[in-house]
Structure formats: C-alpha cells, structure tokens
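For the sequence shown, UniProt numbering begins at 1 and goes up steadily by one. Ideal Cβ positions, reconstructed from N, Cα and C, are used throughout, including at glycine. Taking it in order: structure first as structure tokens, then the write-up.
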Amino acid sequence: MDKNFQEEFTQIIKFNPPLYKQRHQFVKDLVEKYKPKKVADLGCADCSLLRMLKFCSCIEVLAGLDICADVMKEKMYTLSPLPVDYLQPSERSLTVTLHHGSVAHKDPCMLGFDLVTCIELIEHLEEPELKKFPEVVFGFMAPRMVVISTPNSEFNPLLPGVMLYRHPDHKFEWNQAQFQSWALETARCYDYSVEFTGVGQPPTGMEKAGFCTQIGIFVRKYSQTGESVQCEKPTEAVYKTVFKAVYPSLKDEKYLQNAVISEVIFTAQIIKHRLISKHAEYGDDPERKSKFQPSMDCFTNYLGKVVVEKNMEPFVSGNEVYIPLATIFSFPKVNRLCGTFEKLCKLIAGKVTLSSDGSAVMFNIEHENEEN
Ligand code: SAH
1 MDKNFQEEFT QIIKFNPPLY KQRHQFVKDL VEKYKPKKVA DLGCADCSLL
51 RMLKFCSCIE VLAGLDICAD VMKEKMYTLS PLPVDYLQPS ERSLTVTLHH
101 GSVAHKDPCM LGFDLVTCIE LIEHLEEPEL KKFPEVVFGF MAPRMVVIST
151 PNSEFNPLLP GVMLYRHPDH KFEWNQAQFQ SWALETARCY DYSVEFTGVG
201 QPPTGMEKAG FCTQIGIFVR KYSQTGESVQ CEKPTEAVYK TVFKAVYPSL
251 KDEKYLQNAV ISEVIFTAQI IKHRLISKHA EYGDDPERKS KFQPSMDCFT
301 NYLGKVVVEK NMEPFVSGNE VYIPLATIFS FPKVNRLCGT FEKLCKLIAG
351 KVTLSSDGSA VMFNIEHENE EN
C-alpha cells in the first residue's frame, strides 16, 4: 500500500452512519428479506441489535446471549413492552429473553432458531472457546442461517490510531483469507453454504483492502423441523435466564377479547349515532325515509352497502337501539380481529349488552332522547 496515500486516508476515514449502525442495519435488512420468526443474537452486549430487531414484525422469538451479565443488564429494561404495546396489542406474539452464558456451551434454549447472529463476537473468544464455537453454533444450534461479522485486519492501516487490534479485548483479527478459510472449513464440516460480504466500504483506490467489517452469511443445506431438533438433542440447561418479556399480543385470547369488545362498541356507537340523527330527521314517515339521501361520509356509505339484508338493518324501538351483530361483523376491522361470526359471539358474550335473542347490540337511548 502506498504510504502517502494511506496516511492521507487515515486522517479522513470516518464512517457515516457509524460502522456499528451499518452492521446492525445489515442484519435488519437481512431479517426483512428472509423473515425469520426466531432470532438469537450471540454476544449481544448491551442489546442494541435486539432493540432494533424487536420492531421487525416477522420476529416472534428474540433471544440474546452474553458471557457478561452486567453489560446485558445495563439496558435490558429497554426491551420491555411500553404502555402503548398494552393499549394497542400487536397481532404478532413476541417474547424477548436474555441468557447469561458462553457460546462455548450448549443449552437447549438455543435450539429451533431460524437466524443466529454473531456480530463482532468471534474475535473476543479465547482459543479454546473459538475451537468449540462451530460445534455449538453449527452442529448443535443448527439454525437455518448464521451471520458472523468480524474485523478485517487488512483495513486496519486505514483506521486512525489502530496499533495492533481495534479493541483491547480482541484476541485476534483476521485478514480476508484467514476469515474465509475458517468460514469455508466450518461450512464444509457442518453442511452449510457460505457467502462473503461486509460493511464499511474502502475508499476509492483502496478496494483491495476490502470491507472494514467482513461478514459471512451461512445457510444450512439440509432441512430439519423444530420438533425433531429438540427431541434429538437432549442437553441440560446451563445458561441462566436474566430477563424475559412477553409482549401483549392479539394471539393471546385475553388481549383479543379486549380489542374485540372495544371495536364492537366503537362500531356500534357510530352506527347508533347515524341512526338516531336519521331517525330524528325523518321519523317513521316511510315516504320521507325513502327520500333520505345518505351523507357523503364514507362510514354512512359503507353502512348503506352492507345493510343489504333486512336482518342486518339497525333499528330503533322505543328507547332502544338495536345494531345487528351481523352488521358489526361485516366491518373490516371487527371481521379481521374475529375471523368468524361464532368467534365474535363468543368473545363478546356477557361483556356487551345484547338483545334477548343475542343477535344485536342493544343501547338504551332514553337519556339521549331527553337531551334532544
Ligand atoms: N454484538 C455486539 C457487541 C460485540 S462485543 C454488537 O454488535 O455491538 C462482544 C461481546 O461478546 C461482548 O459483550 C462480550 O461480553 C461477549 N462475549 C465474549 N465472549 C463470549 C462468550 N464466550 N460467550 C458469549 N458472549 C461472549
């Protein structure tokens, strides 16, 4: 490498966005492309990658592992659900768990994952740990995909102030040939394919140095089901769970019921409101009623379209308004939440006031009449 050229660059190389963000964004993009349901981050440190991944809607199980419990505990509560998660539970389920332990040990809690990420981890491993690492990750955990990133030592001369390694805790830093031969051998041994890429582009004219962070993407060549993995590999638990958060989800009947009740009451209230205004305007005069021109708001238009059958028409009787459940069920949000009419009936039973035959939501409008 030309010394002058190199010196010039060491003064100006500054990644934007910072390299750690580029690494995490790389993983996020991969998650959005392949949509894994279960993701484990080994060497998760302060959980910053996990915090980013919890917003990927395909993920239902997120796990972190680190040998240093203190660094994980520092910000682990930022992985807890927020009040808004309870107010508006998501349709997907999400469980986030943090484990204290080493990637040199096998634990059954790491079985059945679709994606395992090891971002800037391997260079922190002592030699005996690095030796065990492939058997634990590729042999035992055996996820569908593994992503491993590590510094590319060929880039180091371009980084200001790097003497031996980029971080005092690094046990080694590999050049591209070293990483690729280790990765290819690991892939061969455990029946994976591997492709190489990276983040942190080298400056123009220095392309030979390669990416600042080198990345291997490993894909398992054989298929296996989650259940068979767990049965075939009985192992004692050795990791300690230090954190677990189960996010409120509509998959949980308790949250689904609350959401359905609110949506049913909300929908019924709007229909009732439209009906009362119409009733007050036209009374029971059939001639005037037939001349009724629906207002142009989309809700009324929609209601006009769905109320095609007689038994779906809301009506007023004395001080009571009846909104048929069939009408409420035909509204997209209620329909999507419940799936079937039977489920709607089951979820609101005893929670919403219904007509005596149970076919309509009933409101007493005595006070509203008084106000009018
Ligand atoms: N992955 C993180 C941080 C990497 S730093 C990120 O992307 O920012 C490496 C992390 O690996 C440290 O938190 C360290 O405690 C952890 N680590 C080191 N040896 C380990 C081992 N044997 N098992 C699990 N984690 C380990």
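Less than 7 angstroms between the C-beta atoms of residue i and residue j, yes or no?
i	j	result
VAL264	ILE328	yes
LEU158	ILE13	yes
GLN176	ASN156	no
THR267	PHE179	no
HIS24	TYR239	no
ASN319	GLU366	yes
LYS73	CYS47	no
GLY198	THR213	yes
VAL103	VAL71	no
GLY210	GLU154	yes
Counting only the same chain and skipping the five closest in sequence on each side, list residues whose C-beta sits under 8 angstroms from that of residue i.
i	result
ALA183	ILE148, VAL194, PHE196, GLY216 and PHE218
HIS170	GLU123, HIS124 and PRO151
ASP252	PRO89 and SER93
Which value, in whole angstroms, describes the spacing of the CA atoms of residue i and residue j?
i	j	result
ILE271	ILE59	37 angstroms
GLU236	LYS106	8 angstroms
PHE140	MET362	59 angstroms
THR150	GLN224	28 angstroms
PRO36	LEU115	6 angstroms
MET52	VAL61	14 angstroms
LEU30	VAL316	56 angstroms
MET145	ILE119	14 angstroms
VAL334	ASN364	23 angstroms
ILE348	LYS278	28 angstroms
THR353	GLN257	15 angstroms
THR97	HIS273	46 angstroms
CYS109	PRO128	22 angstroms
GLY339	TRP174	54 angstroms
CYS345	GLY101	48 angstroms
GLN269	MET312	16 angstroms
TYR34	LEU87	30 angstroms
PHE138	HIS167	27 angstroms
Give every residue of the same chain whose Cβ lies closer than 6 angstroms to the Cβ of residue i, excluding the five residues on either side of it in the sequence, and list them in chain order.
i	result
THR117	VAL27, ASP41 and VAL147
PRO314	ILE271, LEU275 and ILE323
VAL246	THR95
LYS351	ILE261
ASP191	LYS221 and TYR222
PHE113	LYS38, ALA40 and PRO143
GLN22	VAL199
PRO17	none
ALA63	ALA40 and THR97
GLU91	LEU250
What are the start and end residues of the alpha helix (DSSP H) that includes residue i?
i	result
MET362	Where MET362 is concerned, there is no enclosing alpha helix (DSSP H), although the beta strand (DSSP E) it sits in stretches over 360 to 364.
PHE341	341 to 348
ALA177	176 to 190
GLN25	19 to 34
PHE133	127 to 134
PRO332	332 to 338
SER48	48 to 53
VAL71	69 to 74
Measure the beta-carbon distance from residue i to residue j and round it to whole angstroms, keeping in mind my assumption that it falls under 8 angstroms.
i	j	result
GLY161	LEU19	Actually they do not touch by this definition, with Cβ atoms about 15 angstroms apart.
PRO134	CYS189	7 angstroms
TYR255	PRO89	4 angstroms
LEU325	SER356	Actually they are not in contact, since the Cβ atoms of LEU325 and SER356 sit about 13 angstroms apart, beyond 8 angstroms.
LEU79	PHE243	7 angstroms
CYS68	GLU32	Wrong, their Cβ atoms sit about 29 angstroms apart, outside the cutoff.
Could you give the residue range of the beta strand (DSSP E) that holds residue i?
i	result
ALA326	Note, ALA326: premise wrong, no beta strand (DSSP E); alpha helix (DSSP H) at 325 to 329.
VAL39	38 to 42
ASP66	61 to 66
LEU115	115 to 119
PRO83	Not the beta strand (DSSP E): PRO83 falls in the alpha helix (DSSP H), residues 83 to 87.
ARG220	213 to 220
ALA245	240 to 246
MET145	145 to 151
SER93	Element bounds for SER93: n/a, residue is neither H nor E.
SER317	315 to 317
Excluding five sequence neighbours on each side, which residues of the same chain lie with their C-beta closer than 7 angstroms to the C-beta of residue i?
i	result
PRO81	ALA245, TYR247 and PRO248
LEU130	ILE122
ALA259	PRO89, LEU250 and LEU337
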